[in-house]
Structure formats: structure tokens, C-alpha cells
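Sequential numbering of the sequence shown, starting at 2, is according to this note's numbering.
The next block holds one structure in the form of C-alpha cells; read it before the comments.
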Amino acid sequence: MSSGDAVVESISSLDMVRQAEFPVAERYTYLNHAALGPLPRRTADTISELAQDFRDKGVLAEAKWFGSIARTRALVSKLLNVSTAEIAFTKNTSQGLSIVAASLPWKPGDIVVTVKGEFPANVYPWLALQQQGVTVRYVRPRNGRIVLQDLEAALHGARFLAISWVQYSNGYRIDLDAVSKLCASRKVLLCLDAIQGAGALPLDLQATPVDFCAFGAHKWMLAPQGVGVLYVNQRVRDLLQPANVGWLGVDWRDYTAFDYDTPLSDTAARYEEGTRSLVGIAGLEQSLGLLLAVGQARIAQHLQQLTDQLAHQLMTMGYRIMTPLEHEHRSGILTFCHPQRSAQELFDALRAARIVGAVREGGVRLSPHLYNTRDDVDAVLNVLQV
Ligand SMILES: Cc1ncc(COP(=O)(O)O)c(C=O)c1O
Numbered sequence: 002m003s004s005g006d007a008v009v010e011s012i013s014s015l016d017m018v019r020q021a022e023f024p025v026a027e028r029y030t031y032l033n034h035a036a037l038g039p040l041p042r043r044t045a046d047t048i049s050e051l052a053q054d055f056r057d058k059g060v061l062a063e064a065k066w067f068g069s070i071a072r073t074r075a076l077v078s079k080l081l082n083v084s085t086a087e088i089a090f091t092k093n094t095s096q097g098l099s100i101v102a103a104s105l106p107w108k109p110g111d112i113v114v115t116v117k118g119e120f121p122a123n124v125y126p127w128l129a130l131q132q133q134g135v136t137v138r139y140v141r142p143r144n145g146r147i148v149l150q151d152l153e154a155a156l157h158g159a160r161f162l163a164i165s166w167v168q169y170s171n172g173y174r175i176d177l178d179a180v181s182k183l184c185a186s187r188k189v190l191l192c193l194d195a196i197q198g199a200g201a202l203p204l205d206l207q208a209t210p211v212d213f214c215a216f217g218a219h220k221w222m223l224a225p226q227g228v229g230v231l232y233v234n235q236r237v238r239d240l241l242q243p244a245n246v247g248w249l250g251v252d253w254r255d256y257t258a259f260d261y262d263t264p265l266s267d268t269a270a271r272y273e274e275g276t277r278s279l280v281g282i283a284g285l286e287q288s289l290g291l292l293l294a295v296g297q298a299r300i301a302q303h304l305q306q307l308t309d310q311l312a313h314q315l316m317t318m319g320y321r322i323m324t325p326l327e328h329e330h331r332s333g334i335l336t337f338c339h340p341q342r343s344a345q346e347l348f349d350a351l352r353a354a355r356i357v358g359a360v361r362e363g364g365v366r367l368s369p370h371l372y373n374t375r376d377d378v379d380a381v382l383n384v385l386q387v
């Protein structure tokens with residue numbers, strides 16, 4: 002644990018975390034973590050330090066920074082409650098999903114199920130399999146909800162389910178426990194795109210097993226762009242024979258003489274190919290250290306409170322909430338629209354007041370994080386009242 006974590010552990014209030022770590026909040030009411038998370042101060046400082054070290058020392062800087070890879074892998078395994086051997090670093094969600102798509106042994110006639118309205122990162126890797134005779138079947142959400150019975154029907158005869166934990170547009174969180182059990186009972190491989198939840202909500206992959214889980218770290222994980230995670234459940238590792246292999250997929254005993262007979266690593270590092278983004282990983286180490294020190298359950302509870310306040314006030318002001326509000330399906334995302342005013346108009350009004358949100362699927366999407374406050378919610382309501 003870095004000294005920064007000790008500082009945060011001694012900080013009892015999220016307001017103090019805001020002050021210490023999130024200069025962005027001095028400039029904006031930043032409510033767009035579903036698009037891109039701002040870097041915490043410690044993360045930005047570490048990246049600057051790393052850059053200066055590599056500027057001044059070249060390869061001699063590696064000794065100081067290389068340990069970040071193992072430490073960050075350990076933090077990710079703690080976040081997901083899995084073993085470090087099941088974690089590979091990637092550059093983004095798409096790469097993780099593409100590794101899965103390219104490395105499984107598909108047969109003509111195999112059926113992949115996904116959801117209509119998924120973010121395209123979680124559709125294109127599966128569509129590409131059509132060239133191998135794989136069929137892609139969609140489940141259509143009803144009123145923004147992915148209904149378990151519909152999923153069950155769609156999984157009939159299927160081999161694989163690719164689904165987001167949290168839908169990017171309306172923030173609907175699937176019942177992962179139920180989906181995990183459904184897939185296990187049908188012998189369907191379950192691949193989770195977790196980018197819209199990881200870092201904001203607790204995700205325990207021992208309690209709710211999946212086969213694969215991929216996410217980039219630049220949204221709710223508050224890390225730099227260009228670093229992500231692929232989790233491969235060890236029980237399916239042998240099924241996922243890496244389509245791309247490289248020299249860092251091997252655990253070398255000796256880095257000065259390479260014996261080509263050395264097999265690929267037994268761990269998920271076998272999917273890592275070559276040199277990783279040390280900037281990204283060292284940045285992720287800092288951001289994840291902060292998130293874990295504050296606690297995922299605490300962050301989730303905070304987000305529930307903020308989005309609840311927002312939703313209830315907006316409803317009384319005549320807005321329609323597009324996010325399903327059942328507690329068990331909530332996330333850090335709240336999307337809404339107005340019967341008379343376009344989403345773009347609302348977005349522009351917010352932006353003029355230095356409030357950063359997004360327009361998605363005809364609604365305004367707001368996505369607070371741990372350092373946002375009740376005052377931020379009030380700032381939004383003030384603008385949207387008129
Ligand atoms: C559900 C989902 N998956 C994936 C991505 C992004 O994919 P990548 O990390 O490959 O850029 C996003 C958002 O940009 C998303 O909302």
C-alpha cells in the first residue's frame with residue numbers, strides 16, 4: 002500500500018477526498034464519469050514523476066517503476082476478489098473482448114447472444130465471428146430493462162453471452178447473480194463488459210462468477226486512457242488459447258538469454274503479448290489505491306444517494322427518468338429527458354453553467370463519482386428548473 006493510501010484511510014469524509022484529490026471540482030461540476038474520469042491528483046503527480054524519470058534516466062528508471070505491474074495486478078485482483086493469475090492487462094475494453102472473441106474455438110452454428118443497445122465495443126467483436134459461421138442473436142430490452150425471461154429464451158441453444166454489467170446509456174445494471182446462475186445452468190460462457198461499473202460498484206467475481214470480464218480503466222476507475230483489464234476465470238483458461246502471442250506471455254527465468262522451448266505462462270499474463278503501458282499501469286495503481294481505500298460499497302452508496310436525489314427532484318419538475326429506478330438495478334448513471342425540451346438543449350444549458358454531462362439515446366446522462374456532492378446535484382437542479 003502506498004503512503005497516499007494511508008493518507009486517504011485517515012480521511013473520513015468524501016469532502017476531504019474531493020479537496021485533496023480532485024482539482025477538476027474547482028473548475029466544473031463534473032458529472033460525466035461514464036465517459037471519462039478525471040485523474041486524481043496523486044495519479045497525475047505519479048505519471049509526471051514517471052515521465053520525468055524516464056526522461057532523465059531511460060532504461061535505468063525501469064527498476065523503480067517496474068514493480069507497479071505486480072502491485073497493480075494485486076490491487077485489481079483485490080477489487081474483483083479473484084487471483085492475480087486470472088488478470089491480464091490490456092489497453093482497453095475492446096482489446097479484452099477481442100482477445101476472447103479471437104481465442105475461443107468457434108464452430109459454424111455457434112450462437113452468441115448480446116443485447117440490442119449495447120455499446121458497440123461489445124458488439125463488433127462478436128459480429129466479426131459471423132465470418133466463421135457464428136450467429137449473433139439479440140435480446141431486446143423492455144422499457145430499458147433486460148428481462149431475465151427474455152434472456153433465458155434467447156440463450157436457448159446458445160454457447161456464449163456477451164453483456165454489459167451496466168448499460169452505458171441508461172445505467173441499467175443487470176442482476177449479475179441471476180445471469181451468472183442462468184449461464185452456468187445452461188452451460189453458456191458468460192463474458193461481462195464491466196467498464197460502466199468497475200470502480201464505482203462492488204464486483205465480487207467469486208460470489209457472482211463469470212468466465213471473462215473486460216474493462217478499460219479510464220472511466221470509473223479514474224486511470225489514464227490506454228490501460229484496461231481482462232479477467233479470465235482459471236477454469237476456462239485452457240479453452241482460451243491466445244490468438245496473439247508474444248514474448249511477455251512467457252514467464253522468463255532469464256531475461257538475457259531466451260529459450261524458445263519455454264511455454265506460455267500458466268497465468269493470464271499469457272494474453273499480454275509484449276511491453277505494457279507502464280504510464281497507464283502506474284496511474285491505475287494510484288487511482289485504484291484511492292478507490293479501494295475509500296471502499297467500493299461506500300462509493301456505491303454515495304452514488305445511490307446522489308442519483309436518488311437527482312431523480313426525485315427531476316420528477317417533481319416534470320422530467321422523465323429513463324433510468325430504471327429499482328434499487329437492485331441502479332448504478333452511477335442517471336439518464337432523463339423532458340417532454341418539451343431536447344436533450345441537446347438541456348445539455349447546453351448545463352454546459353453553460355460549467356456542468357459536464359452527456360447526451361445519450363435522446364436523454365441527458367449524468368454520472369457522478371465519489372467526490373461529487375449534494376451541492377453538485379443542486380447546481381444541476383437550479384439550471385434545469387427554468
Ligand atoms: C459498455 C461500454 N463498453 C466499452 C466502452 C469503451 O470501450 P474501450 O475501452 O475499448 O474504448 C464503453 C464506453 O466508451 C462502454 O460504455
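Ideal placement from N, C-alpha and C gives every residue a C-beta, glycine not left out.
On a predicted model such as this, the values are computed, not experimentally measured, just so you know.
As the crow flies, the alpha-carbon of Arg321 is around 15 angstroms from that of Glu346. Exclusion of Ser104 from the 6 angstroms shell around ligand 1 follows from its C-beta lying no nearer than that to any non-hydrogen atom of the ligand. For Phe55, the enclosing alpha helix (DSSP H) covers residues Arg42 to Lys58. In the displayed model, Leu162 falls within a strand according to three-state DSSP. Judged by their CB atoms, Ala344 and Gly364 are nearer to each other than the 7 angstroms cut-off.
Straight-line measurement puts the Cα of Pro340 at about 28 angstroms from the Cα of Ile175. The beta strand (DSSP E) runs lying completely inside the segment 88–129 and spanning 3 residues or more are 88–91 and 112–116, given in chain order. In this structure, the beta-carbon distance from Ala283 to Ser78 does not fall below 7 angstroms.
Annotated as distal: Arg277 and Pro243, with beta-carbon spacing of 7 angstroms or more. Not one heavy atom of ligand 1 sits closer than 6 angstroms to the Cβ of Ala89. Your pair Ala35 and Ser368 checks out as a contact, with CB atoms roughly 4 angstroms apart and the cut at 8 angstroms. Rounded to the nearest whole angstrom, the CA to CA distance from Glu362 to Val116 is 15 angstroms. With a cutoff of 6 angstroms, Ala195 does not count as near ligand 1, since its C-beta is closer than that to no heavy atom of the ligand. Setting aside the 5 residues that flank it on each side, Gln314 is surrounded in the same chain by Val378 and Leu382, each with a C-beta closer than 8 angstroms to its C-beta; the list follows chain order.
With contact defined as three or more Cβ pairs closer than 8 angstroms, the segment 229–240 and the segment 252–264 are not in contact.
Beta-bridge annotation (DSSP): Tyr232 is paired with Ile88 and Cys214.
Following the DSSP letters along the chain, one finds Thr276 in no alpha helix (DSSP H), marked with neither H nor E.
The Cβ atoms of Val101 and Tyr372 lie no closer than 7 angstroms to each other.
The three-state secondary structure of Ser14, taken from DSSP, is coil. Relative to the non-hydrogen atoms of ligand 1, the Cβ of Phe337 never comes closer than 6 angstroms to any of them. Spatial neighbours of Met323 in its own chain (CB-CB distance under 7 angstroms, excluding positions within 5 residues in sequence) are listed in chain order as Gly145, Asn171, Thr336, Phe337, Cys338 and Gly364.
Contact between the segment 149–158 and the segment 191–203 is not established, with fewer than three Cβ pairs separated by less than 8 angstroms. Under DSSP, the beta-bridge partners assigned to Arg143 are Arg146. DSSP places Arg366 in the uninterrupted beta strand (DSSP E) bounded by Gly364 to Leu367.
Ligand 1 has no heavy atom closer than 6 angstroms to the beta-carbon of Gly200. Between ligand 1 and Tyr125, a heavy atom-to-CB distance of less than 6 angstroms is absent.
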